[in-house]
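Trainee:
Residue numbers (the numbering used here): 18 to 447.
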(Lines of atoms letter the chains of each structure in order from A and count residues from 1; the text may use other names and numbers.)
(Lines give C-alpha, C1' and ligand atoms only; values in the text may rest on other atoms or scores of the structure.)
Protein backbone atom coordinates (compact mmCIF):
# COMPACT_ATOMS: atom_id res chain seq x y z
CA UNK A 1 0.00 0.00 0.00
CA UNK A 2 1.32 3.41 -1.02
CA UNK A 3 0.08 6.64 0.53
CA UNK A 4 0.52 10.33 -0.25
CA UNK A 5 -0.28 12.80 2.52
CA UNK A 6 -1.34 16.40 1.89
CA UNK A 7 -2.05 18.69 4.86
CA UNK A 8 -4.95 21.07 4.40
CA UNK A 9 -6.69 23.74 6.47
CA UNK A 10 -8.69 23.11 9.64
CA UNK A 11 -6.59 20.11 10.72
CA UNK A 12 -7.65 18.10 7.66
CA UNK A 13 -5.25 15.83 5.80
CA UNK A 14 -5.94 14.47 2.37
CA UNK A 15 -4.67 10.93 1.88
CA UNK A 16 -4.26 9.30 -1.52
CA UNK A 17 -4.06 5.54 -1.04
CA UNK A 18 -3.01 3.02 -3.68
CA UNK A 19 -3.77 -0.65 -3.04
CA UNK A 20 -1.98 -3.26 -5.24
CA UNK A 21 -4.26 -4.94 -7.80
CA UNK A 22 -3.67 -8.33 -6.18
CA UNK A 23 -5.07 -7.18 -2.83
CA UNK A 24 -7.93 -5.31 -4.50
CA UNK A 25 -8.97 -8.51 -6.31
CA UNK A 26 -8.88 -10.43 -3.03
CA UNK A 27 -11.18 -7.84 -1.43
CA UNK A 28 -13.54 -8.15 -4.41
CA UNK A 29 -13.62 -11.94 -4.43
CA UNK A 30 -14.23 -12.13 -0.68
CA UNK A 31 -17.08 -9.64 -0.99
CA UNK A 32 -18.66 -11.62 -3.85
CA UNK A 33 -18.54 -14.82 -1.77
CA UNK A 34 -20.06 -13.08 1.22
CA UNK A 35 -22.93 -11.56 -0.77
CA UNK A 36 -23.61 -14.82 -2.60
CA UNK A 37 -24.61 -16.39 0.73
CA UNK A 38 -27.59 -14.03 0.98
CA UNK A 39 -28.84 -14.22 -2.62
CA UNK A 40 -31.01 -16.93 -4.15
CA UNK A 41 -29.58 -17.75 -7.58
CA UNK A 42 -31.49 -20.40 -9.58
CA UNK A 43 -29.43 -23.56 -10.10
CA UNK A 44 -26.94 -22.86 -7.30
CA UNK A 45 -26.83 -23.41 -3.60
CA UNK A 46 -26.33 -20.27 -1.51
CA UNK A 47 -22.69 -19.23 -1.59
CA UNK A 48 -21.74 -21.68 -4.38
CA UNK A 49 -22.40 -19.57 -7.48
CA UNK A 50 -19.29 -18.48 -9.42
CA UNK A 51 -18.25 -14.86 -9.36
CA UNK A 52 -19.51 -13.98 -12.85
CA UNK A 53 -22.98 -15.33 -12.00
CA UNK A 54 -23.02 -13.36 -8.72
CA UNK A 55 -22.03 -10.24 -10.67
CA UNK A 56 -24.92 -10.72 -13.08
CA UNK A 57 -27.41 -10.99 -10.21
CA UNK A 58 -26.01 -8.35 -7.87
CA UNK A 59 -23.88 -6.05 -9.99
CA UNK A 60 -20.20 -5.11 -9.75
CA UNK A 61 -20.84 -1.83 -7.93
CA UNK A 62 -22.66 -3.56 -5.07
CA UNK A 63 -19.75 -6.01 -4.72
CA UNK A 64 -17.20 -3.18 -4.80
CA UNK A 65 -19.15 -1.31 -2.14
CA UNK A 66 -19.16 -4.39 0.09
CA UNK A 67 -15.44 -4.94 -0.58
CA UNK A 68 -14.61 -1.37 0.45
CA UNK A 69 -16.78 -1.53 3.59
CA UNK A 70 -14.91 -4.66 4.69
CA UNK A 71 -11.41 -3.48 3.75
CA UNK A 72 -11.42 0.21 4.70
CA UNK A 73 -11.27 -0.18 8.52
CA UNK A 74 -7.97 -2.09 8.23
CA UNK A 75 -6.66 0.22 5.51
CA UNK A 76 -7.37 3.35 7.55
CA UNK A 77 -5.99 1.72 10.70
CA UNK A 78 -2.69 1.09 8.90
CA UNK A 79 -2.58 4.68 7.59
CA UNK A 80 -3.23 6.08 11.08
CA UNK A 81 -0.55 3.90 12.70
CA UNK A 82 2.01 4.56 9.99
CA UNK A 83 1.61 8.34 10.27
CA UNK A 84 0.81 8.52 14.00
CA UNK A 85 -2.41 10.41 13.29
CA UNK A 86 -4.76 11.36 16.14
CA UNK A 87 -8.24 11.36 14.64
CA UNK A 88 -11.29 13.09 16.11
CA UNK A 89 -13.84 11.40 13.85
CA UNK A 90 -14.12 8.63 11.28
CA UNK A 91 -12.28 9.14 7.95
CA UNK A 92 -14.34 10.27 4.98
CA UNK A 93 -13.89 8.67 1.56
CA UNK A 94 -13.93 11.47 -0.99
CA UNK A 95 -13.56 9.27 -4.08
CA UNK A 96 -12.26 5.94 -5.28
CA UNK A 97 -11.26 4.26 -8.55
CA UNK A 98 -11.95 0.54 -8.34
CA UNK A 99 -11.37 -1.47 -11.50
CA UNK A 100 -10.99 -5.20 -10.91
CA UNK A 101 -7.52 -6.27 -12.04
CA UNK A 102 -6.00 -2.81 -11.52
CA UNK A 103 -4.62 -0.97 -8.50
CA UNK A 104 -7.36 0.36 -6.20
CA UNK A 105 -7.08 4.12 -5.71
CA UNK A 106 -8.79 5.83 -2.76
CA UNK A 107 -8.83 9.50 -1.81
CA UNK A 108 -9.89 10.16 1.78
CA UNK A 109 -10.05 13.07 4.21
CA UNK A 110 -8.94 12.60 7.81
CA UNK A 111 -9.75 15.13 10.53
CA UNK A 112 -7.01 15.38 13.13
CA UNK A 113 -7.17 16.45 16.75
CA UNK A 114 -6.01 20.08 17.10
CA UNK A 115 -2.66 20.63 18.73
CA UNK A 116 -3.01 22.03 22.25
CA UNK A 117 -0.34 24.33 23.66
CA UNK A 118 -0.62 24.36 27.42
CA UNK A 119 0.30 27.32 29.56
CA UNK A 120 1.41 26.82 33.15
CA UNK A 121 -0.86 24.24 34.72
CA UNK A 122 1.14 23.31 37.86
CA UNK A 123 2.43 25.47 40.70
CA UNK A 124 -0.18 28.21 40.24
CA UNK A 125 -1.52 30.32 43.11
CA UNK A 126 -5.08 31.52 42.58
CA UNK A 127 -7.28 33.72 44.74
CA UNK A 128 -10.86 32.51 45.06
CA UNK A 129 -13.71 34.13 46.93
CA UNK A 130 -14.72 31.81 49.75
CA UNK A 131 -18.33 30.90 50.31
CA UNK A 132 -19.90 32.71 53.25
CA UNK A 133 -22.67 30.84 55.03
CA UNK A 134 -25.56 33.26 55.65
CA UNK A 135 -25.78 34.37 59.27
CA UNK A 136 -29.39 33.22 59.49
CA UNK A 137 -28.75 29.82 57.83
CA UNK A 138 -29.10 27.89 61.08
CA UNK A 139 -32.31 29.71 61.99
CA UNK A 140 -33.77 29.15 58.50
CA UNK A 141 -32.91 25.45 58.65
CA UNK A 142 -34.68 25.11 61.99
CA UNK A 143 -37.71 27.00 60.68
CA UNK A 144 -37.79 24.79 57.60
CA UNK A 145 -37.85 21.69 59.79
CA UNK A 146 -40.65 23.17 61.87
CA UNK A 147 -42.58 23.94 58.66
CA UNK A 148 -42.16 20.35 57.46
CA UNK A 149 -43.69 19.06 60.68
CA UNK A 150 -46.41 21.69 60.89
CA UNK A 151 -50.05 20.73 61.23
CA UNK A 152 -52.96 22.61 59.65
CA UNK A 153 -56.08 23.94 61.32
CA UNK A 154 -59.22 25.06 59.52
CA UNK A 155 -60.06 28.74 60.11
CA UNK A 156 -63.60 30.13 59.82
CA UNK A 157 -63.54 33.42 61.75
CA UNK A 158 -61.29 35.62 59.64
CA UNK A 159 -60.15 36.54 56.14
CA UNK A 160 -57.20 34.88 54.41
CA UNK A 161 -53.61 35.97 55.10
CA UNK A 162 -50.59 35.42 52.87
CA UNK A 163 -49.32 32.49 54.95
CA UNK A 164 -52.53 30.46 54.68
CA UNK A 165 -53.29 27.36 52.68
CA UNK A 166 -56.57 27.84 50.85
CA UNK A 167 -58.98 25.62 48.93
CA UNK A 168 -60.69 27.62 46.18
CA UNK A 169 -62.41 27.61 42.80
CA UNK A 170 -61.09 29.68 39.90
CA UNK A 171 -61.87 30.28 36.23
CA UNK A 172 -59.67 32.35 33.94
CA UNK A 173 -60.45 34.54 30.92
CA UNK A 174 -58.13 36.34 28.48
CA UNK A 175 -58.84 38.18 25.23
CA UNK A 176 -62.55 37.63 25.84
CA UNK A 177 -62.16 33.85 25.85
CA UNK A 178 -61.98 31.22 28.56
CA UNK A 179 -58.40 30.08 29.16
CA UNK A 180 -57.86 26.44 28.26
CA UNK A 181 -56.94 24.49 31.42
CA UNK A 182 -57.30 27.77 33.31
CA UNK A 183 -59.93 26.61 35.76
CA UNK A 184 -60.29 24.25 38.72
CA UNK A 185 -62.60 23.33 41.57
CA UNK A 186 -61.43 22.97 45.19
CA UNK A 187 -57.82 23.63 44.24
CA UNK A 188 -55.38 23.70 47.17
CA UNK A 189 -52.80 26.50 47.14
CA UNK A 190 -50.15 27.47 49.67
CA UNK A 191 -50.17 31.27 49.38
CA UNK A 192 -46.64 31.57 50.78
CA UNK A 193 -45.20 29.14 48.22
CA UNK A 194 -47.24 29.69 45.07
CA UNK A 195 -46.00 28.74 41.60
CA UNK A 196 -48.84 30.62 39.90
CA UNK A 197 -48.10 33.64 37.67
CA UNK A 198 -46.86 36.76 39.52
CA UNK A 199 -49.56 38.68 41.34
CA UNK A 200 -52.05 35.82 41.49
CA UNK A 201 -51.50 34.47 45.02
CA UNK A 202 -50.99 37.95 46.47
CA UNK A 203 -54.54 38.95 45.50
CA UNK A 204 -55.99 35.92 47.30
CA UNK A 205 -54.99 37.38 50.66
CA UNK A 206 -57.49 39.40 52.73
CA UNK A 207 -60.46 37.50 51.25
CA UNK A 208 -63.42 36.09 53.25
CA UNK A 209 -64.85 32.61 52.97
CA UNK A 210 -67.55 32.08 50.35
CA UNK A 211 -67.17 35.43 48.61
CA UNK A 212 -66.97 35.44 44.81
CA UNK A 213 -64.50 37.98 43.43
CA UNK A 214 -62.32 38.75 40.40
CA UNK A 215 -58.57 39.25 40.31
CA UNK A 216 -56.65 40.91 37.49
CA UNK A 217 -53.23 39.61 36.45
CA UNK A 218 -50.89 39.80 33.48
CA UNK A 219 -49.10 36.81 32.00
CA UNK A 220 -45.30 37.20 31.77
CA UNK A 221 -43.87 38.19 28.38
CA UNK A 222 -41.89 34.92 28.43
CA UNK A 223 -44.92 32.73 29.18
CA UNK A 224 -44.62 29.42 27.33
CA UNK A 225 -48.05 29.69 25.68
CA UNK A 226 -47.47 32.36 23.05
CA UNK A 227 -51.04 33.64 22.73
CA UNK A 228 -51.14 34.37 26.48
CA UNK A 229 -47.66 35.87 26.80
CA UNK A 230 -47.90 39.46 28.02
CA UNK A 231 -51.71 39.39 27.98
CA UNK A 232 -53.97 40.66 30.80
CA UNK A 233 -56.33 38.11 32.30
CA UNK A 234 -59.23 37.98 34.72
CA UNK A 235 -59.80 35.10 37.14
CA UNK A 236 -63.12 34.58 38.88
CA UNK A 237 -62.42 33.09 42.32
CA UNK A 238 -64.22 31.79 45.40
CA UNK A 239 -62.58 30.74 48.69
CA UNK A 240 -64.02 27.47 49.97
CA UNK A 241 -61.70 26.74 52.90
CA UNK A 242 -58.95 28.48 54.84
CA UNK A 243 -56.24 26.55 56.66
CA UNK A 244 -53.47 27.94 58.81
CA UNK A 245 -50.21 26.25 59.71
CA UNK A 246 -49.46 25.48 63.34
CA UNK A 247 -45.75 24.99 63.96
CA UNK A 248 -44.58 22.57 66.64
CA UNK A 249 -42.64 23.96 69.58
CA UNK A 250 -38.86 23.86 69.21
CA UNK A 251 -37.93 21.78 72.25
CA UNK A 252 -36.13 18.59 73.18
CA UNK A 253 -39.18 16.52 72.36
CA UNK A 254 -39.22 17.90 68.81
CA UNK A 255 -35.48 17.21 68.44
CA UNK A 256 -36.00 13.59 69.49
CA UNK A 257 -38.85 13.26 66.99
CA UNK A 258 -36.87 14.42 63.93
CA UNK A 259 -33.65 12.48 64.47
CA UNK A 260 -31.23 10.72 66.81
CA UNK A 261 -30.95 13.73 69.10
CA UNK A 262 -31.57 14.14 72.82
CA UNK A 263 -31.76 17.92 72.98
CA UNK A 264 -32.33 20.97 70.78
CA UNK A 265 -28.64 21.77 71.18
CA UNK A 266 -27.80 18.37 69.64
CA UNK A 267 -30.09 19.17 66.71
CA UNK A 268 -28.51 22.60 66.25
CA UNK A 269 -25.03 21.11 66.38
CA UNK A 270 -25.96 18.61 63.67
CA UNK A 271 -27.37 21.35 61.43
CA UNK A 272 -24.25 23.46 61.96
CA UNK A 273 -22.09 20.48 61.05
CA UNK A 274 -24.05 20.13 57.82
CA UNK A 275 -23.66 23.86 57.07
CA UNK A 276 -19.90 23.63 57.68
CA UNK A 277 -19.65 20.60 55.38
CA UNK A 278 -21.72 22.41 52.77
CA UNK A 279 -19.34 25.40 52.91
CA UNK A 280 -16.31 23.12 52.53
CA UNK A 281 -17.90 21.37 49.54
CA UNK A 282 -18.81 24.66 47.85
CA UNK A 283 -15.30 26.05 48.45
CA UNK A 284 -13.78 22.86 47.01
CA UNK A 285 -15.94 22.94 43.89
CA UNK A 286 -15.33 26.67 43.35
CA UNK A 287 -11.58 26.18 43.84
CA UNK A 288 -11.44 23.32 41.35
CA UNK A 289 -13.46 25.35 38.88
CA UNK A 290 -11.22 28.41 39.26
CA UNK A 291 -8.04 26.37 38.72
CA UNK A 292 -9.52 24.57 35.72
CA UNK A 293 -10.74 27.81 34.12
CA UNK A 294 -7.32 29.41 34.62
CA UNK A 295 -5.58 26.46 32.98
CA UNK A 296 -8.00 26.23 30.04
CA UNK A 297 -7.99 30.01 29.47
CA UNK A 298 -4.18 30.00 29.31
CA UNK A 299 -4.11 27.05 26.87
CA UNK A 300 -3.98 27.82 23.16
CA UNK A 301 -5.77 25.63 20.63
CA UNK A 302 -7.10 26.31 17.13
CA UNK A 303 -10.38 24.35 17.07
CA UNK A 304 -11.89 23.58 13.68
CA UNK A 305 -15.53 24.56 13.21
CA UNK A 306 -16.52 21.00 12.35
CA UNK A 307 -15.74 19.87 15.93
CA UNK A 308 -17.89 22.65 17.38
CA UNK A 309 -20.71 21.83 14.95
CA UNK A 310 -20.72 18.15 15.98
CA UNK A 311 -20.70 19.09 19.66
CA UNK A 312 -23.54 21.55 19.06
CA UNK A 313 -25.58 18.76 17.47
CA UNK A 314 -24.94 16.65 20.56
CA UNK A 315 -26.03 19.50 22.86
CA UNK A 316 -29.20 20.03 20.82
CA UNK A 317 -30.09 16.36 21.33
CA UNK A 318 -29.36 16.60 25.06
CA UNK A 319 -31.48 19.76 25.31
CA UNK A 320 -34.39 18.07 23.54
CA UNK A 321 -34.19 15.11 25.94
CA UNK A 322 -34.13 17.48 28.92
CA UNK A 323 -37.17 19.36 27.58
CA UNK A 324 -39.01 16.07 27.04
CA UNK A 325 -38.30 14.99 30.63
CA UNK A 326 -39.83 18.27 31.81
CA UNK A 327 -42.92 17.84 29.65
CA UNK A 328 -41.98 20.35 26.94
CA UNK A 329 -41.07 20.09 23.27
CA UNK A 330 -38.29 21.61 21.17
CA UNK A 331 -40.92 23.53 19.21
CA UNK A 332 -42.28 25.11 22.41
CA UNK A 333 -38.79 26.14 23.49
CA UNK A 334 -38.10 27.70 20.08
CA UNK A 335 -41.40 29.58 20.21
CA UNK A 336 -40.69 30.89 23.71
CA UNK A 337 -36.97 31.71 23.41
CA UNK A 338 -36.31 31.99 19.70
CA UNK A 339 -34.27 29.58 17.57
CA UNK A 340 -31.33 31.96 17.11
CA UNK A 341 -31.04 32.65 20.83
CA UNK A 342 -31.09 28.95 21.74
CA UNK A 343 -28.54 28.04 19.09
CA UNK A 344 -26.26 30.93 20.03
CA UNK A 345 -26.06 29.67 23.61
CA UNK A 346 -25.61 26.03 22.58
CA UNK A 347 -22.80 26.93 20.17
CA UNK A 348 -21.02 28.90 22.90
CA UNK A 349 -21.39 25.94 25.28
CA UNK A 350 -20.16 23.56 22.58
CA UNK A 351 -17.04 25.65 21.97
CA UNK A 352 -16.22 25.66 25.69
CA UNK A 353 -16.91 21.94 26.05
CA UNK A 354 -14.68 21.03 23.09
CA UNK A 355 -11.77 23.14 24.36
CA UNK A 356 -12.14 21.76 27.89
CA UNK A 357 -12.07 18.21 26.55
CA UNK A 358 -8.98 18.87 24.42
CA UNK A 359 -7.11 20.47 27.33
CA UNK A 360 -8.03 17.60 29.66
CA UNK A 361 -6.80 15.02 27.14
CA UNK A 362 -3.55 16.96 26.66
CA UNK A 363 -2.84 17.17 30.41
CA UNK A 364 -3.70 13.49 30.81
CA UNK A 365 -1.20 12.65 28.07
CA UNK A 366 1.51 14.87 29.54
CA UNK A 367 1.06 13.45 33.04
CA UNK A 368 0.30 9.83 32.04
CA UNK A 369 -3.12 9.97 33.68
CA UNK A 370 -5.15 6.96 32.58
CA UNK A 371 -8.52 5.42 33.38
CA UNK A 372 -8.25 2.12 35.22
CA UNK A 373 -10.85 -0.63 35.35
CA UNK A 374 -11.56 0.44 38.94
CA UNK A 375 -12.25 4.03 37.81
CA UNK A 376 -14.67 2.84 35.16
CA UNK A 377 -16.37 0.41 37.55
CA UNK A 378 -16.86 3.24 40.02
CA UNK A 379 -18.65 5.33 37.36
CA UNK A 380 -20.84 2.34 36.47
CA UNK A 381 -21.74 1.89 40.13
CA UNK A 382 -22.68 5.56 40.43
CA UNK A 383 -24.87 5.28 37.33
CA UNK A 384 -26.55 2.09 38.55
CA UNK A 385 -27.34 3.72 41.90
CA UNK A 386 -28.78 6.77 40.17
CA UNK A 387 -31.16 4.67 38.09
CA UNK A 388 -31.58 1.99 40.79
CA UNK A 389 -30.42 -0.80 38.47
CA UNK A 390 -27.89 -3.46 39.43
CA UNK A 391 -24.47 -3.01 37.73
CA UNK A 392 -24.71 -6.20 35.63
CA UNK A 393 -28.03 -5.11 34.12
CA UNK A 394 -26.62 -1.62 33.60
CA UNK A 395 -23.70 -3.02 31.61
CA UNK A 396 -26.08 -5.00 29.37
CA UNK A 397 -28.17 -1.90 28.70
CA UNK A 398 -25.15 0.26 28.00
CA UNK A 399 -23.81 -2.34 25.57
CA UNK A 400 -26.65 -1.31 23.26
CA UNK A 401 -25.38 2.29 23.26
CA UNK A 402 -21.57 2.14 22.99
CA UNK A 403 -21.31 5.92 23.00
CA UNK A 404 -22.27 5.94 26.67
CA UNK A 405 -19.16 3.91 27.54
CA UNK A 406 -17.01 6.57 25.90
CA UNK A 407 -18.90 9.29 27.77
CA UNK A 408 -18.37 7.51 31.11
CA UNK A 409 -14.66 7.07 30.39
CA UNK A 410 -14.34 10.73 29.47
CA UNK A 411 -16.19 11.75 32.64
CA UNK A 412 -13.86 9.60 34.76
CA UNK A 413 -10.83 11.15 33.03
CA UNK A 414 -12.22 14.66 33.58
CA UNK A 415 -12.51 13.97 37.30
CA UNK A 416 -8.98 12.55 37.59
CA UNK A 417 -7.44 15.50 35.72
CA UNK A 418 -9.49 17.98 37.77
CA UNK A 419 -8.21 16.35 40.97
CA UNK A 420 -4.65 16.40 39.62
CA UNK A 421 -4.93 20.14 38.97
CA UNK A 422 -6.40 20.74 42.42
CA UNK A 423 -3.57 18.78 44.05
CA UNK A 424 -0.84 20.55 42.08
CA UNK A 425 -1.99 24.16 42.44
CA UNK A 426 -2.66 26.41 45.44
CA UNK A 427 -5.88 28.29 46.11
CA UNK A 428 -6.19 31.16 48.56
CA UNK A 429 -9.77 31.46 49.81
CA UNK A 430 -10.52 35.14 50.34
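For every residue, glycine included, the Cβ atom is placed at its ideal position computed from N, Cα and C.
From a predicted model like this one, the values you see are computed outputs, not experimental measurements.
Here's the rule I'm using: 16 or more other beta-carbon atoms within 10 Å means buried, otherwise exposed. How should residue 181 be labelled?
Mentor: Counting Cβ neighbours within 10 Å, residue 181 comes out buried, since at least 16 surround it.
Trainee: Distance, Cα to Cα, residue 402 vs residue 393?
Mentor: C-alpha separation (whole angstroms): 14 Å.
Trainee: Is the CB-CB distance between residue 38 and residue 120 below 8 Å?
Mentor: A contact, by the Cβ cut-off of 8 Å.
Trainee: Could you tell me whether the region 327-337 touches the region 291-307, using the rule of 3 or more Cβ pairs below 8 Å?
Mentor: No: fewer than three Cβ pairs fall under 8 Å.
Trainee: Count the CB pairs spanning the region 160-170 and the region 297-317 that are closer than 8 Å, and state whether there are at least three.
Mentor: The region 160-170, when compared against the region 297-317, does not touch it at the 8 Å Cβ threshold.
Trainee: Here's a check: name, in chain order, each residue in its chain whose Cβ is nearer than 7 Å to the Cβ of residue 431, leaving out the five neighbours to either side.
Mentor: Cβ neighbours of residue 431 beyond the five flanking positions: 377.
Trainee: With residue 329 as the anchor, note down where its alpha helix (DSSP H) starts and where it stops.
Mentor: Counting along the chain, the alpha helix (DSSP H) containing residue 329 begins and ends at 322-342.
Trainee: Please return the same chain residues whose Cβ sits closer than 6 Å to the Cβ of residue 304, not counting the five positions on each side in sequence.
Mentor: Excluding residues within five positions, the ones whose Cβ falls inside 6 Å are 145 and 444.
Trainee: Please identify the residue among 341, 355 and 322 whose C-alpha is closest to the C-alpha of residue 364.
Mentor: Selected option, being the one with the closest Cα: 322.
Trainee: Tell me the residue span of the alpha helix (DSSP H) that contains residue 34.
Mentor: Note, residue 34: premise wrong, no alpha helix (DSSP H); beta strand (DSSP E) at 29-36.
Trainee: Per the contact definition of three or more C-beta pairs closer than 8 Å, is the region 133-141 in contact with the region 111-118?
Mentor: Touching, no, given that fewer than three Cβ pairs across the two stretches are closer than 8 Å.
Trainee: My understanding is that residue 411 touches residue 400, with C-beta atoms under 8 Å, so please give their C-beta distance in whole angstroms.
Mentor: Yes, residue 411 and residue 400 are in contact; Cβ-Cβ is about 6 Å, under 8 Å.
Trainee: Tell me which same chain residues have a C-beta within less than 7 Å of the C-beta of residue 83, skipping the five on either side of it?
Mentor: Excluding positions up to five away in sequence, the list reads 48, 51 and 52.
Trainee: If we call anything under 8 Å between Cβ atoms a contact, is residue 109 one with residue 88?
Mentor: It is not a contact, given that the beta carbons lie outside the stated cut-off.
Trainee: Taking the continuous beta strand (DSSP E) assigned at residue 109, which residues delimit it?
Mentor: Taken as a continuous stretch (DSSP letters only), the beta strand (DSSP E) holding residue 109 covers 109-114.
Trainee: Helix, strand or coil, according to DSSP, for residue 251 in the structure here?
Mentor: Of the three classes helix, strand and coil, the one that applies to residue 251 here is strand, per DSSP.
Trainee: Taking the continuous alpha helix (DSSP H) assigned at residue 160, which residues delimit it?
Mentor: Taken as a continuous stretch (DSSP letters only), the alpha helix (DSSP H) holding residue 160 covers 154-165.
Trainee: May I ask you to report which of helix, strand or coil DSSP gives residue 204?
Mentor: If DSSP states are grouped into helix, strand and coil, residue 204 belongs with the strands.
Trainee: Could you give the distance in angstroms between the alpha-carbon of residue 282 and the alpha-carbon of residue 207?
Mentor: About 31 Å.
Trainee: So for residue 98, helix, strand or coil by DSSP?
Mentor: Helix.
Trainee: Could you tell me the boundaries of the alpha helix (DSSP H) in which residue 271 lies?
Mentor: Note, residue 271: alpha helix (DSSP H), 269-275.
Trainee: Count the other CB atoms within 10 Å of the CB of residue 423; is the residue buried (16 or more) or exposed (fewer)?
Mentor: Counting Cβ neighbours within 10 Å, residue 423 comes out exposed, since fewer than 16 surround it.
Trainee: Considering only residues of the same chain and omitting the five flanking positions on each side of residue 42, which have a CB-CB separation below 7 Å?
Mentor: Cβ neighbours of residue 42 beyond the five flanking positions: 117 and 118.
Trainee: Which partner residues of residue 229 appear in the DSSP bridge assignment?
Mentor: According to DSSP, which records beta bridges pairwise, residue 229 is partnered with 255.
Trainee: Here's a check: name, in chain order, each residue in its chain whose Cβ is nearer than 8 Å to the Cβ of residue 340, leaving out the five neighbours to either side.
Mentor: Cβ neighbours of residue 340 beyond the five flanking positions: 346, 347, 349 and 350.
Trainee: Pull up the distance between the alpha-carbon of residue 200 and that of residue 344, whole angstroms please.
Mentor: Taking the straight line from one Cα to the other gives about 20 Å.
Trainee: Locate the alpha helix (DSSP H) running through residue 244, then write down its first and last residues.
Mentor: Premise fails: residue 244 is in no alpha helix (DSSP H) and is neither H nor E.
Trainee: Check whether the region 270-289 and the region 215-230 touch, using three or more Cβ-Cβ pairs below 8 Å as the test.
Mentor: Verdict: no, contact absent.
Trainee: Could you check if residue 189 is buried or exposed, using at least 16 other CB atoms within 10 Å of its CB as the buried criterion?
Mentor: So residue 189 counts as buried.
Trainee: Which residue's Cα is closest to the Cα of residue 224: 26, 247, 185 and 336?
Mentor: Answer by Cα proximity: 185.
Trainee: In terms of residues, what are the limits of the alpha helix (DSSP H) holding residue 369?
Mentor: Residues 356-383.
Trainee: Quick check: the Cα distance between residue 55 and residue 44, rounded to an integer number of angstroms?
Mentor: Whole-angstrom Cα-Cα distance: 18 Å.
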